[in-house]
Amino acid sequence: MENRKKQNLCLTLGGMIVILAGILVTILGYKLNRDGEITAKDTAVFVGYFLVMAGILLLSNGIIRHLFKTAAVHYTESERARRIAFAALFAALSYIGFQYFRFDLTVGSEKTAFHLGNTFVVLAALFLGGMTGGLAGAVGLTLADFTSGYVTSAPKTFFLKLCIGLIVGFIAHTIFHISRAQSAKKNMRAALIASICGMAFNIVADPLVGYFYKKYLFGLPQDIANTLAKLSSLTTAVNAVLSVAAAILLYGALRPALEKSGLFFRKA
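In my numbering, the protein residues as written are 948 to 1215.
Structure (structure tokens):
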């Protein structure tokens, strides 16, 4: 219990430090900007935003872990290695789901897309927990942004996808204790509710955050920002339905196989 308190304190203090560092880097980025326009070349600005968002998530995770006390899960060395391997696999699948199963919609110089990347963010959170699974999906989709012409959306992507993972993981593991349940029916119900909640958050947050992100950070004209927000609402809603359906089907198929092979992770 004492170790868990120390971990929560480290997360909280670490989050505050990362937020402060992000603010300082962002200010530096704006100071170095000469033309008044923020573009993909202003690396310091994006690094600063990335640090601020990561810090907020670390801070909030520390607070949540403190408020919702659960018993710590102690993994063996081999189990930790397998969790890292699983996280890397889900990050890769998230990347592939966006990079190779994507249909772009363009508005001026900006674009949004239909894709299957969120499926593996949800699936990772169901199998690995909110923080580990969310990080895996967020890293995979952020890398996909950097390599597919969505570089200006990368900080937003990291923040939102990690939030999806945290929401899905919190509901599935903290509320329903999905990994401990033995009933397949209860497991599927918990997975469905958690997935819907995570995707419902994304349906609201993605267009809203995207609108303010594009309009006030990049100075897009209001009509373009509005059009992009409307298209983003459409694509996000379709993506959410596809992601929930695919994630539930995959979870139902993969969990029995992983349990039988001894590769399934049980959380408290």
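Don't be surprised by glycine CBs; every beta carbon is placed ideally from N, CA and C.
Sequence-distant residues of the same chain with beta carbon closer than 6 Å to residue i, five excluded per side
i	result
arginine 1012	Asn955
leucine 1073	Ala1119, Ala1138 and Tyr1198
phenylalanine 1045	His1062, Gly1064, Leu1088 and Ala1091
alanine 1193	Thr1066
phenylalanine 993	Pro1102
alanine 1038	Ala1083, Val1086 and Gly1087
alanine 1160	Looking at the sequence provided, one finds tyrosine at residue 1160 rather than alanine. If we look at tyrosine 1160 and ignore the five residues flanking it on each side, its Cβ neighbours are Lys1103.
The alpha helix (DSSP H) enclosing residue i, as first and last residue numbers
i	result
phenylalanine 1148	1131-1159
phenylalanine 1093	1077-1093
arginine 1012	990-1014
isoleucine 1111	1101-1116
Sequence-distant residues of its chain with Cβ nearer than 7 Å to residue i (five each side left out)
i	result
leucine 975	Ala991
glycine 1009	Asn955, Leu958, Thr959 and Gly962
Classification of residue i by the beta-carbon crowding that lies within 10 angstroms, buried from 16 upward
i	result
aspartate 1092	buried
threonine 1023	exposed
arginine 1202	buried
threonine 1104	buried
threonine 1094	exposed
serine 1130	exposed
threonine 973	buried
alanine 1141	buried
isoleucine 1125	buried
glycine 1096	exposed
threonine 1182	buried
serine 1025	exposed
leucine 967	exposed
tyrosine 1047	exposed
Separation of residue j from residue i, as counted between CA atoms
i	j	result
leucine 1210	lysine 978	50 Å
alanine 1060	phenylalanine 997	22 Å
arginine 1027	glutamate 1206	17 Å
threonine 959	serine 1007	7 Å
glycine 1002	threonine 1174	31 Å
glycine 995	alanine 1204	42 Å
valine 1068	leucine 1155	20 Å
alanine 1184	phenylalanine 1106	18 Å
valine 1191	isoleucine 970	35 Å
cysteine 1144	asparagine 980	39 Å
glycine 1080	arginine 1029	13 Å
valine 1151	glycine 1157	10 Å
alanine 1034	leucine 1040	10 Å
valine 1098	leucine 1113	23 Å
asparagine 1134	leucine 1070	13 Å
phenylalanine 1050	lysine 952	45 Å
Residue(s) in a DSSP beta bridge with residue i
i	result
arginine 1049	His1062
Own chain partners of residue i with C-beta closer than 8 Å, once the 5 adjacent residues on each side are dropped
i	result
alanine 1147	Ala1187
lysine 1177	Pro1154
Residue i beta carbon near the ligand GTP (any heavy atom closer than 7 Å)
i	result
phenylalanine 1067	Of the ligands one can find in the structure shown there are none, so the ligand GTP has no counterpart to examine.
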